[in-house]
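This report refers to the structure that appears directly beneath it.
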Amino acid sequence: MLDKDNTIEVLGARVHNLKNIDISIPREKLVVITGLSGSGKSSLAFDTIYAEGQRRYVETFSAYARQFLGGLERPDVDKIDGLSPVIAIEQKTTSKSPRSTVGTITEIYDFLRLLYARGADAYSYNTGEKMVSYSDEQIKDLIIQDYNGKRINILAPVIKARKGHYAELFQQITKQGFLKVRVNGEVQDLTAGMKLDRYKTHDIEIVVDRMVIEDNPDNQKRLAESINTAMHHGENVLMILDQDSNEVRYFSRNLMCPSTGISYQNPEPNLFSFNSPKGACPHCNGLGTVHEINVKKIIPNPKLSIKSGGLAPLGEYKSSWIFKQLETIGEKFGFKITDPIEKIPEEAMTMILHGGKDKFTVSSKDLGVTRDYKIDFEGISNFIKNQYDESATTSIKRWAKDFMDEIPCPVCEGSRLKKEALFFRVNEKNITELCDMDISDLTAWFHDLNSHLTDKQLLIASEVVKEIKDRLNFLMNVGLNYLALSRSSKSLSGGEAQRIRLATQIGSQLVGVLYILDEPSIGLHQRDNEKLIHSLEQLRDIGNSVIVVEHDKDMIETADYVIDIGPKAGKYGGEIISIGTPAETLKSDTITAQYLNGKMKLEIPKERRKGNGKFLKLTGATGNNLKNVSIEIPLGQLICVTGVSGSGKSTLINETLYPILNAYYFNGVKKPQPYKKIEGLEHIDKVIDIDQSPIGRTPRSNPATYTEVFTEIRNLFTMTSESMIRGYKAGRFSFNVKGGRCETCEGSGVRTIEMNFLPDVYVECETCQGKRFNRETLEIRYKGKSISDVLDMTVDEAVPFFENIPKIYRKVKTIQDVGLGYITLGQQSTTLSGGEAQRIKLAGELSKKDTGNTFYILDEPTTGLHFEDIRVLMDVINKLVDKGNTILVIEHNMDVIKLADYIIDIGPEGGKGGGQLIAKGTPEEVAKNKKSYTAKFLKKELI
49 MLDKDNTIEV
59 LGARVHNLKN
69 IDISIPREKL
79 VVITGLSGSG
89 KSSLAFDTIY
99 AEGQRRYVET
109 FSAYARQFLG
119 GLERPDVDKI
129 DGLSPVIAIE
139 QKTTSKSPRS
149 TVGTITEIYD
159 FLRLLYARGA
169 DAYSYNTGEK
179 MVSYSDEQIK
189 DLIIQDYNGK
199 RINILAPVIK
209 ARKGHYAELF
219 QQITKQGFLK
229 VRVNGEVQDL
239 TAGMKLDRYK
249 THDIEIVVDR
259 MVIEDNPDNQ
269 KRLAESINTA
279 MHHGENVLMI
289 LDQDSNEVRY
299 FSRNLMCPST
309 GISYQNPEPN
319 LFSFNSPKGA
329 CPHCNGLGTV
339 HEINVKKIIP
349 NPKLSIKSGG
359 LAPLGEYKSS
369 WIFKQLETIG
379 EKFGFKITDP
389 IEKIPEEAMT
399 MILHGGKDKF
409 TVSSKDLGVT
419 RDYKIDFEGI
429 SNFIKNQYDE
439 SATTSIKRWA
449 KDFMDEIPCP
459 VCEGSRLKKE
469 ALFFRVNEKN
479 ITELCDMDIS
489 DLTAWFHDLN
499 SHLTDKQLLI
509 ASEVVKEIKD
519 RLNFLMNVGL
529 NYLALSRSSK
539 SLSGGEAQRI
549 RLATQIGSQL
559 VGVLYILDEP
569 SIGLHQRDNE
579 KLIHSLEQLR
589 DIGNSVIVVE
599 HDKDMIETAD
609 YVIDIGPKAG
619 KYGGEIISIG
629 TPAETLKSDT
639 ITAQYLNGKM
649 KLEIPKERRK
659 GNGKFLKLTG
669 ATGNNLKNVS
679 IEIPLGQLIC
689 VTGVSGSGKS
699 TLINETLYPI
709 LNAYYFNGVK
719 KPQPYKKIEG
729 LEHIDKVIDI
739 DQSPIGRTPR
749 SNPATYTEVF
759 TEIRNLFTMT
769 SESMIRGYKA
779 GRFSFNVKGG
789 RCETCEGSGV
799 RTIEMNFLPD
809 VYVECETCQG
819 KRFNRETLEI
829 RYKGKSISDV
839 LDMTVDEAVP
849 FFENIPKIYR
859 KVKTIQDVGL
869 GYITLGQQST
879 TLSGGEAQRI
889 KLAGELSKKD
899 TGNTFYILDE
909 PTTGLHFEDI
919 RVLMDVINKL
929 VDKGNTILVI
939 EHNMDVIKLA
949 DYIIDIGPEG
959 GKGGGQLIAK
969 GTPEEVAKNK
979 KSYTAKFLKK
989 ELI
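Numbering (the numbering used here) for the sequence shown: 49 to 991.
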């Protein structure tokens, strides 16, 4: 029995499909909640326990603060006791901002900035010499030591290599009581009305004092005062001019180059931040890339004339102002717009591309008259650039982007930082060089760092370095050793983003917190699973409670406590069917237990499909970490692309192959990663990519609207005799437009009552009782059911109901085939899990008539799927392949990999250590490969 004092007690949970369940969850243990997809795991973990924890946290704020946060709905549960502060780590991908990187999310970059601001050595960007800085007392001692008995001038530099006549400056210096200045290396007396040539560059220094250095108190006092005055006017820099040898030396309170006198401001952490104006490269504003016009995209074929559309942004000739201007430029430079562009003079092309203003006169020999022409042309390149920089609409920006290339910023070379920031080094490395290293290399560099630091640096940096090492180790432990800190967060997968957040949480070392994780093993190779489980055990061991919603076999077997929810999904689930330690779970008779103890399993096919003998060949892919990879994809088979996380699978398929196919069949706009050539496109008819993004973000979106079956259902209702008598059209049966919907709730079925200072309350609409439609619409019935009754049907009920209507039957049958018979047709999309949303997409594509020659790409389709759901999914996939289609799956799940006809294994490691083709062939052939990590785990499955 569980100790009541050390448990989380949930009583009467009824959120979504939960059947009024009572459960005790032990605290400070690793608890796994498992069960079929849609059985109610997330409803218990996230929508009940996390939602209540979050609501209680917000309740602690003052009423004034709460009004700005918006209300949080109280979950439908009688009581929850023993709840700690809750942190949810979900699969939601991190920020899409180009300024967000792995370094900024994990806060490692903040520590690096602190290390460089306090412990780095500065070097001159002119000479590479180490920069020096002195206090006023040190400067005084150095001058007495080096210039004793010599005549010197103490100078305050005010202008360095700048143009101007500086009359006002000389006037100002005179008013301050100074008599002499040094201009361009020559000491001059200040005179009234003095000024310089404004078009030449000048160096100007104020002569603060002229003296002979002697070692006596009066002389030293005068020297100290002169140093102070010179520092004030020279902004912390002064120069000493030896009158005999005419040599100059610089001294500065700031960091300064001893030879050239350039100085840096004393470093602060924001000097190394590309998100701060003080540190960001001024040319690219800290983004690291700029968009530059590509003339070849503007003039793709120089043999064409301007009139025939040789200038791609303008297209063919139209009677418009811009073409009139081009004709005028032709008059000036002696060409016609019917001439091929390659024959147009170079200066004319410069004006066409970059613009210009001009007035000129042309005399006509035949008529004996002259005509005045005026050119005021912005230039095509400038116009495109301005549209990109200033336009508010996405479509115009995308149009302009078609004629531009995204290139690394030429000023900072992609480092995102100002020039000065890159000349601060720790152990010969600047901050950008560290951020570009793989985390495994960076960890090794930091472990070796202490032996390269001075005693002073060690004293300053020891705490910061310790924090950085800890955080890097946490990233290593969750299997992210292949990432670099400079990697943009928008390029991370859902699983990677979740594990980064996990590493950040481990780094914060909080105690007594309840962590809830949503399938952290997504996108993780079996090899790295042990590291992840160890990280979760670490969280538990320091005194936290960890609840994981998970289907992974290893995770279930290492948990302290397992909760199995079922028995089926949707309205047939929502009950606790097994609870206890993993050993106790194995003895129960649930579907989960049967897969774990081997009573049920996915059978390996007796023979692999041979395919249709045709191939798709991709040669020389080099995007991201790919090392000139060439692959041959056999068509008419189930192909699995495998490899450890970060090995280059997504780069090869999602960023290279799919954009090529999409551009070829559907004129897609996404640019593929670099490759040499592709062959065999003629062997397939179309490509379909099914990813894990949600199918709709509003409660109005539902499976019926997404799969377009609702359109057919509405059309069916318009054909009933009563509907035709009343003259109802399809729009009458839509809850999104006025006409047939209930106007009190505007077709949403619930009314939101805003409560000031308290969460909004959703109540069933009293006019339509949650049916969404008005009385007249609900009077129209088909087989005794109204349109609202149809939306409340589960897919399993809808299949026999619409058996005689082929268009509807085909679509609902497909949803049932992918294992979603339990969801209702009108279920809000926002309540669907990631795995359910992906399968609805799959059903939407499957219900279309396939050509038997379609190329499907599925990215980790087993996300969120239970062993039983994987079996159902694989049945659907196999039926598709049997019809002659090709299905390519990116997958880590061994149950899918062992069923493939052909495997392409990328590796061997992640990041720099990956990007190579390691193994290819049938699962039996790949399992024999010694280099492949996938082979090691596949061998066990094939036994």
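Where is the CB? At the ideal position from N, CA and C, for every residue including glycine.
Predicted model, so just to flag it, every value in this text is computed and none were measured.
Residue i to residue j span [Cα, whole Å]
| i | j | result |
| --- | --- | --- |
| Gln-373 | Gly-427 | 10 Å |
| Pro-807 | Ser-132 | Only weak support exists for where Pro-807 lies, its pLDDT of 47 falling under 50; the coordinates are left without a value. |
| Pro-458 | Tyr-298 | 32 Å |
| Ile-952 | Glu-845 | 41 Å |
| Pro-630 | Asp-576 | 21 Å |
| Thr-55 | Gly-130 | 6 Å |
| Leu-50 | Pro-74 | 7 Å |
| Glu-973 | Lys-984 | 12 Å |
| Ile-726 | Lys-665 | 6 Å |
| Ser-980 | Thr-699 | 19 Å |
| Phe-431 | Glu-155 | 40 Å |
| Thr-108 | Tyr-950 | 57 Å |
| Phe-821 | Cys-790 | 5 Å |
| Thr-902 | Lys-734 | 5 Å |
| Glu-824 | Met-841 | 21 Å |
Distance CB(residue i)-CB(residue j) smaller than 7 Å
| i | j | result |
| --- | --- | --- |
| Gly-167 | Ile-516 | no |
| Gly-378 | Ile-389 | no |
| Cys-813 | Gly-797 | yes |
| Ile-554 | Phe-522 | yes |
| Cys-483 | Cys-329 | no |
| Lys-946 | Ile-701 | no |
| Lys-407 | Lys-422 | yes |
| Gly-691 | Asn-660 | no |
| Val-255 | Lys-228 | yes |
| Ser-429 | Ile-341 | yes |
Counterpart residues of residue i in DSSP-defined beta bridges
| i | result |
| --- | --- |
| Pro-388 | Ser-353 |
| Asp-158 | Bridge partners of Asp-158: none, in fact. |
| Met-452 | Ile-341 |
| Val-260 | Arg-199 |
| Gln-236 | Val-229 |
| Lys-1001 | This structure does not reach residue 1001, given that the chain is present from 49 up to 991, and the question cannot be answered. |
| Asp-995 | There is simply no residue 995 to check, as the chain begins at 49 and stops at 991 in what is shown. |
| Pro-74 | Thr-55 |
| Glu-727 | Lys-665 |
| Lys-211 | Thr-249 |
| Tyr-312 | Leu-303 |
Test: residue i CB closer than 7 Å to a CB of chain D
| i | result |
| --- | --- |
| Gly-797 | Within the model displayed, chain D is absent; a lone protein chain is all it includes. |
Host beta strand (DSSP E) of residue i (start-end)
| i | result |
| --- | --- |
| Leu-964 | Residue identity differs from the one stated: residue 964 is Gln in this sequence, not Leu. Unbroken beta strand (DSSP E) run through Gln-964: 964-969. |
| Lys-248 | Lys-248 -> no beta strand (DSSP E), and no H or E assigned at all. |
| Cys-688 | 686-690 |
| Ile-835 | Here Ile-835 belongs to no beta strand (DSSP E); instead the alpha helix (DSSP H) covers 835-839. |
| Lys-127 | 125-129 |
| Tyr-950 | 950-955 |
| Leu-289 | 285-290 |
| Ala-136 | 134-137 |
| Phe-903 | 902-907 |
Counted within 10 angstroms of its Cβ, other Cβ atoms place residue i as buried (16 or more) or exposed
| i | result |
| --- | --- |
| Ala-113 | exposed |
| Val-58 | buried |
| Pro-568 | buried |
| His-495 | exposed |
| Ser-145 | exposed |
| Met-767 | exposed |
| Leu-580 | buried |
| Arg-887 | buried |
Bounding residues of the alpha helix (DSSP H) (the contiguous stretch that carries residue i)
| i | result |
| --- | --- |
| Tyr-712 | 706-714 |
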